[in-house]
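Heads up, the thing below is written out as structure tokens.
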Amino acid sequence: MKMHNLGTVIGFEVRRTLTKPTFWLTSLSVPLLMAVVFALMWFSNASTAATVEAQRERGVSFTYTDASGIVSPAVAASLGGSPTPDAAGAARAVHEGRSQLHIDVPPDPTREPVHIVGADLGLIGSGQWNGIARDLVEMSVAERIGDPQLTTLLTSVDTTAELWKDGERSAGFGAMIAPGLFLVLLYMGVLMLGQQMLNITVEEKENRVTEMILTTLDPRVLIVGKVLAVLLVGIVQGLVLLVPLSLTAFLLPRAGGGAPMDAASEMDGPSFGGVVIEVDAVRMVVAAALFVAGFLLFTGLLVAIGSVMPTAKDAGSAFGAAILAMFLPLYTATAVVSDPTSVLATFLTWFPLTAPVTALLRNALGSLGVVEGVGVALMLFAVAGVLLWLGVRLFRQGSISYDKRLHIGKALRRS
Amino acid sequence: MGGMTDNTPVIEVRNFTMRFGDKAVVDDLTFDVRPGETFGLLGANGSGKTTTVRALLGIYTPTAGELLVHGRPFDPAADYSLGYLPEERGLYRKERVLDVMTYFGQLKGLERTRAAAWSQHFLERVDLGDKGNARLTTLSGGQQQKVQLGVTIMDNPSLLILDEPTKGFDPVNRRLLLDLVEAQRAAGATVVIITHQMEEVERLCDRVLLLKDGRAEAYGTVADVQDAYGSGIVRLHYAGALPEPHGWRPLTRERNYAEIELGEGTDAQVLLRQLVDAGVEVRSFDASRMSMEQVFLKVYGQAPDEAEGAAA
């Protein structure tokens with residue numbers, strides 16, 4: 001195929017997209033929105049914690065009744081509590097604003113909740129009542145046990161695990177992360193670039209530019225150039241999205257003290273959030289092949305849809321149906337995961353539209369053999385090739401079928 | 001401009017047939033276009049004109065036959081330059097004028113800077129010098145037509161193919177287009193015009209091809225075609241009574257004026273003698289060839305503007 005004017009097409013398409021303010025507005029809006037939400041959450045948490053801590057430090061007077069006998073009077077006194085025999089009267093005092101808090105510990109706190117009657121000091125101010133009630137019971141229990149180590153074990157037990165499969169140590173969930181990223185990439189690619197891919201063949205038709213364009217280059221060059229341009233734009237868009245996220249991921253663990261990372265760093269391999277990520281070269285290669293083939297299939301499908309439909313609006317409906325079919329396996333993931341050899345899982349793995357997501361999912365979970373994975377990838381490459389060929393053939397006809405949907409049979413006979 | 005140093009046809013169409021399903025849109029068509037000439041491709045809607053051009057430019061694959069430009073099937077990467085104004089035309093409406101023109105210039109083989117400079121020069125020439133950074137959608141219809149023309153004649157193409165070039169154009173842009181075409185022709189370009197405007201055909205075209213139902217109905221110089229459809233027209237101012245027609249027939253007959261079509265083999269001198277012999281007082285006698293408008297009417301049974309509106 002002659003690549004005459006390929007660079008010109010890519011240059012024009014990339015330049016005109018990247019110079020549009022709307023591109024940057026929409027691209028930056030996602031990380032910007034996420035940054036704003038994260039910042040709000042961080043400030044809100046910090047502010048809430050500070051407010052609660054300040055109020056607790058200021059000291060709160062409260063009354064309590066203890067039917068269980070667990071509460072230590074000394075602990076209660078240290079927290080500002082004083083016992084009362086009249087729970088109803090203490091609650092009434094809170095109702096009438098004469099007291100801020102009454103805590104009623106039931107006979108068996110393991111079966112019944114501790115009841116709190118507190119003044120409404122707003123969302124943050126009222127939040128401290130739960131903390132005081134919990135402190136009252138937990139500190140009393142700790143005092144009765146008399147051993148800080150045992151008390152700590154009551155609240156949390158850390159575990160480490162090693163998993164084995166076929167006589168070899170397995171990274172378990174950690175082994176799914178790296179190949180699973182290709183599934184995320186496919187999903188993001190479809191979401192971010194789908195509409196642009198669809199426009200590849202619709203735009204010239206809608207603008208009545210096709211005939212002039214086709215006298216300057218081969219239609220395959222136009223489509224390949226536009227696909228490559230969309231991919232380049234997608235990479236830019238991905239970087240715009242990933243750089244702030246990566247910075248956030250890089251900075252947040254340090255802000256939180258980094259304990260999980262420290263624990264994980266003692267093990268082999270890279271880790272994230274305490275999970276060791278195992279990189280299996282074979283699974284990664286299969287995942288990459290499935291991703292590329294799946295993306296090509298998706299591209300070919302959209303090019304073909306765009307060639308047949310007269311307007312972007314019409315193409316959008318068909319696009320929606322195709323995307324639904326592609327991501328249908330996510331709704332049946334439980335069935336596929338629980339029995340990868342079932343008829344359903346096999347069908348979804350080999351049906352071209354559902355194959356990319358199903359195969360990537362199974363590959364990440366380790367239930368897709370190498371031979372089967374390569375087979376599915378080859379099938380996807382073949383179908384993608386046929387779709388792209390069909391898309392280009394239909395584009396020749398469809399792009400000058402300005403006002404009506406193209407009849408595929410007639411078009412193929414004509415071109 | 002390539003292809004003008006010898007008399008080798010710029011365009012050769014040999015036994016071209018195009019079928020869409022069972023329907024033959026063009027049937028065994030043969031013609032050529034010589035270097036430097038302005039060639040008119042005429043016909044009613046659905047007669048196969050646009051299909052022929054699309055097949056010539058590789059947009060359609062012909063069912064049979066051969067369509068060559070400079071001796072080879074059309075190739076966008078070839079070393080000759082083409083200016084093509086299709087019937088269905090538009091531009092990237094959301095983009096800036098200069099960006100779009102520069103893009104088309106690059107596609108036609110110009111360096112980016114040269115294409116941008118040419119485009120800016122053209123915009124200034126057509127009073128759109130300040131619109132280079134405007135988006136096309138903000139331009140009026142007439143202004144967009146000017147940009148379209150600029151894209152078509154960019155880099156002075158050696159071959160211009162204009163499909164219904166004045167369709168939808170306002171009178172100012174129609175004049176501009178015809179001037180630009182004339183300038184290209186004067187510079188040696190070969191021009192193919194597909195049009196319903198018979199006045200333009202008579203004024204611009206050296207040779208024409210009349211298509212009817214996908215077949216060549218008439219082919220040759222404008223004069224040849226006019227002669228083929230009648231010996232001529234006589235516009236007569238007179239007094240008295242016209243004699244019985246012999247070898248001629250009146251197309252229009254008013255009290256003191258008539259337009260008379262001469263039959264095959266009937267000379268204007270013969271008519272004049274008949275009139276004088278019949279005692280008609282001839283005040284003026286203007287003999288001319290049949291107009292292309294009348295030829296069109298004869299071939300298609302309808303006027304060109306009616307043919308334009310007819311369904312394909």
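If you're matching them up, the sequences are chains B and A in order.
Each residue of the first sequence is one higher than the one before, starting from 1 at the first, in my numbering.
Each residue of the second sequence is one higher than the one before, starting from 1 at the first, in my numbering.
For every residue, glycine included, the Cβ atom is placed at its ideal position computed from N, Cα and C.
Any beta carbon from chain B within less than 8 Å of residue i's own beta carbon?
i: Leu91 (chain A); result: yes
i: Asp155 (chain A); result: no
i: Asp99 (chain A); result: yes
i: Leu68 (chain A); result: no
i: Ala312 (chain A); result: Low per-residue confidence applies at Ala312 (chain A): pLDDT is 37, beneath 50, and the placement is therefore not dependable, though the value from the model is reported in the following sentence. No, because no Cβ of chain B sits closer than 8 Å to the Cβ of Ala312 (chain A).
i: Glu111 (chain A); result: no
i: Tyr238 (chain A); result: no
i: Arg114 (chain A); result: no
i: Val192 (chain A); result: no
i: Val147 (chain A); result: no
i: Val13 (chain A); result: no
i: Val126 (chain A); result: no
i: Val295 (chain A); result: no
i: Tyr300 (chain A); result: no
i: Gly2 (chain A); result: Note that Gly2 (chain A) scores 42 on pLDDT, short of 50, meaning its location in the model is unreliable and no value can be drawn from it.
Given that residue i touches chain B, what residues does it touch there, using C-beta distances under 9 Å?
i: Glu88 (chain A); result: Arg208, Thr210, Glu211, Ile400, Tyr402
i: Val151 (chain A); result: Met212
Contact criterion: CB-CB distance below 8 Å. Does residue i meet it with respect to chain A?
i: Phe381 (chain B); result: no
i: Asn363 (chain B); result: no
i: Gly256 (chain B); result: Note that Gly256 (chain B) has pLDDT 43, beneath the 50 cutoff, so the model's placement of it is unreliable and no number is given.
i: Phe12 (chain B); result: yes
i: Asn199 (chain B); result: no
i: Thr17 (chain B); result: no
i: Thr8 (chain B); result: yes
Which two residues bound the contiguous beta strand (DSSP E) that contains residue i?
i: Tyr329 (chain A); result: Residue 329 (chain A) cannot be examined here, being either before or after the span of chain A that is shown, 1 to 312.
i: Tyr60 (chain A); result: It is not in any beta strand (DSSP E) - Tyr60 (chain A) carries neither H nor E in the DSSP assignment.
i: Met18 (chain A); result: 11-20
i: Thr82 (chain B); result: Reading off the sequence shown, one finds Ser at residue 82 (chain B), where the question assumed Thr. Taken as a continuous stretch (DSSP letters only), the beta strand (DSSP E) holding Ser82 (chain B) covers 81-83.
i: Asp99 (chain A); result: Element bounds for Asp99 (chain A): not the beta strand (DSSP E) but the alpha helix (DSSP H), 97-107.
i: Tyr84 (chain A); result: 82-85
i: Thr299 (chain B); result: Note, Thr299 (chain B): premise wrong, no beta strand (DSSP E); alpha helix (DSSP H) at 281-308.
Which residues in chain B sit within 7 Å of residue i, going by Cβ to Cβ distance?
i: Lys108 (chain A); result: Thr216
i: Leu82 (chain A); result: Thr215
i: Glu95 (chain A); result: Arg16
Please compile the residues from chain A whose C-beta is within a distance smaller than 7 Å of the C-beta of residue i.
i: Arg396 (chain B); result: Ile59
In terms of residue numbering, what span does the alpha helix (DSSP H) encompassing residue i cover?
i: Asp179 (chain A); result: 171-186
i: Gly326 (chain B); result: The amino acid at residue 326 (chain B) is misidentified as Gly; the sequence shows Met. Note, Met326 (chain B): alpha helix (DSSP H), 312-331.
i: Ser288 (chain A); result: Taken as a continuous stretch (DSSP letters only), Ser288 (chain A) belongs to no alpha helix (DSSP H), being part of the beta strand (DSSP E) at 281-288.
i: Tyr300 (chain A); result: 292-300
i: Phe173 (chain B); result: 173-206
i: Thr113 (chain A); result: 112-125
What in chain B is Cβ-close to residue i, meaning under 8 Å?
i: Val10 (chain A); result: Per Cβ cutoff of 8 Å: no residues; Val10 (chain A) is ~15 Å from chain B at best.
- Message: Closer than 8 Å between beta carbons: that is the criterion. Which residues of the region 205-232 of chain A meet it against chain B?
- Response: Listed by position, the residues of the region 205-232 of chain A near chain B (Cβ gap below 8 Å) amount to none.
- Query: Between the region 162-187 of chain A and chain B, which residues of the former have CB atoms less than 7 Å from a CB of the latter, in chain order?
  - Reply: Residues: none.
- Message: Give me the subset of the region 26-51 of chain A whose CB atoms are less than 8 Å from a CB atom of chain B, sorted by chain position.
- Response: Of all residues in the region 26-51 of chain A, none has a C-beta nearer than 8 Å to a C-beta of chain B.
- Complete runs of the alpha helix (DSSP H) confined to the region 198-271 of chain A [at least 4 residues]: Here the runs fully enclosed are 198-204, 222-228.
- Query: What are the residues of the region 252-273 of chain A that lie near chain B, defined by any Cβ-Cβ distance shorter than 9 Å?
  - Reply: Those would be none; no residue qualifies.
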